[in-house]
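One structure is given below, encoded as structure tokens.
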């Protein structure tokens with residue numbers, strides 16, 4: 124996560140149009156990963172709840 128923040132800062136320092144696309148790509152990838160992790164945790168939690 125720290126590396127991503129550093130990359131984002133580097134990209135923002137070089138103010139360029141194509142870098143912003145890259146930045147958006149990185150952020151969206153991180154959000155997608157986070158959402159899938161949350162979904163996995165939630166579905167695991169539901170499975171455990173159903174066992175009870």
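Numbering (the numbering used here), first residue to last: 124 to 175. Glycine included, each C-beta is placed from N, C-alpha and C at the ideal position.
- For the pair residue 157 and residue 164, the Cα-to-Cα distance works out to about 11 Å.
- In terms of Cβ geometry, residue 125 and residue 146 do not form a close pair [threshold 9 Å].
- Distance from the CA of residue 129 to the CA of residue 172, rounded to the nearest whole angstrom, comes to 40 Å.
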